[in-house]
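Asks:
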Ligand code: DAH
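Numbering (my numbering), first residue to last: 93 to 427.
Set out below in structure tokens:
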């Protein structure tokens with residue numbers, strides 16, 4: 093039996109080392125270690141071995157089984173390694189790879205994110221409203237009379253059912269006051285739409301940021317302080333401001349804000365409209381809510397609105413606003 097075992101070990105290890113693939117290897121495993129395999133058959137023959145020889149023959153049998161098992165494992169690893177190597181044949185892994193195109197945030201989104209962050213630090217929450225609006229939310233509730241030029245079909249996109257694409261984000265002032273009672277402190281960034289002739293500085297869709305603050309005892313000083321703080325955070329401490337009296341139907345008094353800052357080219361630039369919420373606006377909201385939550389004798393507030401596109405153009409030295417919507421990778425990859 094000893095010589096039989098020695099011979100089996102030699103034969104099996106040689107065959108395994110020469111196995112060409114995994115199928116051949118599996119056949120060899122069955123041939124030697126399987127239920128009717130050669131080593132299994134020899135273990136069954138142990139019962140005929142003389143008792144005195146049993147320990148030695150048993151030990152040898154175990155060694156042979158271990159040797160064949162190890163040979164099978166080794167060959168399997170070697171076959172796998174060969175397959176891996178073949179997969180890489182002809183590939184130079186030291187060549188530089190193809191870098192995936194990593195996107196960047198749109199320049200207007202970057203400016204918007206900074207702006208939202210500053211107002212959040214002052215306690216303003218984000219508010220939202222639909223782009224498709226009613227005349228009530230876009231004009232009537234904002235104290236804008238029926239014959240106001242902004243309501244003209246030449247300026248506003250109307251749908252057949254009388255709804256429209258909002259011409260400003262001031263609609264969100266009304267939407268917010270309809271559903272929440274004062275005090276209110278919100279900003280509402282979003283798209284606005286006008287039937288403008290499209291050129292280097294005008295698009296039919298642009299981006300605005302609206303603000304509304306309603307509380308007891310709010311004054312023009314709060315309005316000025318809030319806007320000056322905001323724009324100084326955004327454009328640097330050297331920013332100077334002019335609050336020019338102006339007219340907006342929904343604020344009284346109203347102002348246009350000019351800014352001069354080196355970050356914005358060091359020239360006076362008109363950047364925002366603002367004012368103290370007109371009591372007539374509170375009254376239309378009350379009528380709509382069927383209550384007196386916005387009693388103009390008790391509450392005062394300020395509102396403001398500004399466009400982000402022109403500021404983004406100046407900050408990012410973009411000469412033509414149409415680049416913002418052209419979706420050209422060569423343009424967008426620069427930010
Ligand atoms: N809605 C105005 C516009 O689109 C901007 C504006 C002016 C918003 C004064 C306001 C405001 O909230 O108080 O031109």
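The beta-carbon is built from N, C-alpha and C at its ideal position, and this holds for glycine as well.
(1) Quick one: does the C-beta of residue 366 sit closer than 7 Å to a heavy atom of the ligand DAH?
(2) Look at residue 148 and residue 108 and say whether their C-beta atoms are less than 8 Å apart.
(3) For the alpha helix (DSSP H) that contains residue 134, what are its first and last residues?
(4) Do the CB positions of residue 374 and residue 199 come within less than 8 Å of each other?
(5) Go through the region 180-222 residue by residue and report every complete run of the alpha helix (DSSP H) that reaches 4 residues or more, in order.
(6) Please report the distance separating the alpha-carbon of residue 347 from that of residue 209.
(7) Round the Cβ separation of residue 255 and residue 284 to the nearest angstrom and send it over; I've been treating them as touching at under 8 Å.
(8) Cβ-heavy atom distance between residue 217 and the ligand DAH below 7 Å?
(9) Starting from residue 268, follow the alpha helix (DSSP H) in both directions and report where the run begins and ends.
(10) Identify which residue in 403, 379, 378, 238 has its Cα closest to the Cα of residue 361.
(11) If we call anything under 8 Å between Cβ atoms a contact, is residue 351 one with residue 323?
(12) To the nearest angstrom, report how far apart residue 117 and residue 145 are at their CA atoms.
(13) Return the first residue and the last residue of the beta strand (DSSP E) that residue 366 is part of.
(14) Since residue 281 sits in a beta bridge, which residues does DSSP pair it with?
(15) On the CB-based measure, 16 or more other CB atoms within 10 Å of its CB, does residue 228 come out buried or exposed?
(16) Just the C-alpha distance for residue 249 and residue 260, rounded to the nearest angstrom, thanks.
(17) So is residue 411 buried or exposed if we call it buried at 16+ other beta carbons inside 10 Å?
(18) Assuming residue 153 and residue 97 are in contact, meaning their beta carbons sit under 8 Å apart, how far apart are those beta carbons, in whole angstroms?
(19) Where do the N-terminal and C-terminal ends of the beta strand (DSSP E) with residue 339 fall, by residue?
(20) Start and end of the alpha helix (DSSP H) containing residue 390?
(21) For the alpha helix (DSSP H) containing residue 123, list its first residue and its last residue.
(22) Since residue 105 contacts residue 159 with CB under 8 Å, what's their CB separation in whole angstroms?
(23) Spatial neighbours of residue 379 within its chain, please: C-beta separation below 7 Å, excluding the five flanking residues on both sides.
(24) Do you know how far the Cα of residue 274 is from the Cα of residue 280?
(25) Go to residue 227, then tell me how far its alpha helix (DSSP H) extends in each direction, as first and last residue.
(26) Per the DSSP calculation, residue 399 is bridged to which residue(s)?
(27) Evaluate the contact criterion for the region 287-304 versus the region 390-403: three or more CB pairs, one atom per stretch, below 8 Å.
(28) Tell me whether residue 145 sits in a helix, a strand or coil according to DSSP, three-state version.
(29) Could you say which of 424, 314, 372, 134 lies nearest to residue 366 if we only look at CA atoms?
(30) Does residue 308 pass the burial test, meaning 16 or more other C-beta atoms within 10 Å, or should it be called exposed?
(31) With residue 352 as the anchor, note down where its beta strand (DSSP E) starts and where it stops.
(32) On the DSSP bridge assignment, give the partners of residue 256 in chain order.
(33) Where does the unbroken alpha helix (DSSP H) through residue 95 begin, and where does it stop?
(34) Under the three-state reduction of DSSP, which class applies to residue 291: helix, strand or coil?
(35) Relative to the C-alpha of residue 407, which residue among 139, 194, 130, 201 is closest?
Replies: Put simply:
(1) Here residue 366 refers to the residue found at position 274 when the chain shown is read from its first residue. Yes, the ligand DAH has a heavy atom inside 7 Å of this Cβ.
(2) In the chain shown, counting from the first residue as 1, residue 148 sits at position 56. In the chain shown, counting from the first residue as 1, residue 108 sits at position 16. Contact: no.
(3) Here residue 134 refers to the residue found at position 42 of the chain shown. Segment 130-136, the alpha helix (DSSP H) holding residue 134.
(4) For the purposes of this step, residue 374 is taken as the residue at position 282 of the chain shown. For the purposes of this step, residue 199 is taken as the residue at position 107 of the chain shown. Not in contact: residue 374 and residue 199 (Cβ atoms no closer than 8 Å).
(5) Qualifying alpha helix (DSSP H) stretches, in chain order: 199-213.
(6) The residue you call residue 347 lines up with position 255 of the chain shown. The residue you call residue 209 lines up with position 117 of the chain shown. Residue 347 and residue 209: Cα-Cα distance of roughly 24 Å.
(7) Start at 1 with the first residue of the chain shown, and residue 255 comes out as number 163. Start at 1 with the first residue of the chain shown, and residue 284 comes out as number 192. 15 Å between Cβ atoms; not a contact.
(8) If you number the chain shown from 1, residue 217 lands on position 125. Outside the cutoff, so no.
(9) Numbered from its first residue, the chain shown carries residue 268 at position 176. Residues 263-271.
(10) Taking the first residue of the chain shown as position 1, residue 361 is located at position 269. Selected option, being the one with the closest Cα: 403.
(11) Counted from its first residue, the chain shown places residue 351 at position 259. Counted from its first residue, the chain shown places residue 323 at position 231. Taking 8 Å as the cut-off, the Cβ atoms of residue 351 and residue 323 count as close.
(12) As a first step, residue 117 must be located in the chain shown, where it is residue number 25. As a first step, residue 145 must be located in the chain shown, where it is residue number 53. The C-alpha of residue 145 is placed about 33 Å away from the C-alpha of residue 117.
(13) In the chain shown, residue 366 corresponds to position 274, counting from 1. In the DSSP assignment, residue 366 falls within the beta strand (DSSP E) that extends over 361-369.
(14) As a working note, residue 281 is residue 189 in the chain shown. For residue 281, DSSP records a beta bridge to 301.
(15) Here residue 228 refers to the residue found at position 136 of the chain shown. So residue 228 ends up on the exposed side.
(16) Counting from one through the chain shown, the residue named residue 249 turns up at place 157. Counting from one through the chain shown, the residue named residue 260 turns up at place 168. The C-alpha of residue 249 lies about 12 Å from the C-alpha of residue 260.
(17) On the chain shown, residue 411 is found 319 positions in, with the first residue counted as 1. With fewer than 16 neighbouring CB atoms inside 10 Å of its own CB, residue 411 falls in the exposed class.
(18) The sequence position of residue 153 within the chain shown is 61, counting from 1. The sequence position of residue 97 within the chain shown is 5, counting from 1. Between residue 153 and residue 97 a beta carbon distance of about 6 Å is seen, short of the 8 Å cut, so the two are scored as contacting.
(19) To locate residue 339, count along the chain shown from 1; it is residue 247. Residues 332-340.
(20) Taking the first residue of the chain shown as 1, we reach residue 390 at position 298. Per DSSP, residue 390 belongs to no alpha helix (DSSP H) and is neither H nor E.
(21) Here residue 123 corresponds to residue number 31 of the chain shown, with the count starting at 1. Note, residue 123: alpha helix (DSSP H), 114-125.
(22) Counted from its first residue, the chain shown places residue 105 at position 13. Counted from its first residue, the chain shown places residue 159 at position 67. About 6 Å separates the two Cβ atoms, so the contact holds.
(23) Here residue 379 is taken as the residue at index 287 of the chain shown, counted from 1. Within the same chain, residue 379 has no close Cβ partners at all.
(24) Position 188 of the chain shown holds residue 280. Position 182 of the chain shown holds residue 274. Near 17 Å, if we compare the C-alpha coordinates of residue 274 and residue 280.
(25) Residue 227 sits at position 135 when you count from the first residue of the chain shown. From DSSP, the alpha helix (DSSP H) with residue 227 extends over 227-230.
(26) Position 307 of the chain shown, counting from 1, holds the residue named residue 399. Residue 399 is bridged to 300.
(27) By the Cβ criterion, the region 287-304 is in contact with the region 390-403, since at least three pairs of Cβ atoms, one from each stretch, lie closer than 8 Å.
(28) Translated into the one-based positions of the chain shown, residue 145 becomes position 53. Under the three-state reduction of DSSP output, residue 145 falls in the coil class, being neither helix nor strand.
(29) Sequence index remark: in the chain shown, residue 366 carries index 274 (1-based). Relative to the Cα of residue 366, the nearest Cα in the group 424, 314, 372, 134 belongs to 314.
(30) One-based indexing of the chain shown puts residue 308 at position 216. It is exposed - the Cβ of residue 308 has fewer than 16 other Cβ atoms within 10 Å.
(31) By one-based count along the chain shown, residue 352 stands at place 260. Run containing residue 352: 343-352, per the beta strand (DSSP E) assignment.
(32) Indexing the chain shown from 1 puts residue 256 at position 164. Secondary-structure assignment with DSSP links residue 256 through a beta bridge to 225, 250.
(33) As a first step, residue 95 is located in the chain shown; it is residue number 3 there, counting from the start. Its alpha helix (DSSP H) spans residues 94-110.
(34) What you label residue 291 is simply residue 199 of the chain shown in a count that begins at 1. For residue 291, the secondary structure class from DSSP, reduced to helix, strand or coil, is strand.
(35) Here residue 407 is taken as the residue at index 315 of the chain shown, counted from 1. The option with the nearest alpha carbon to residue 407 is 201.
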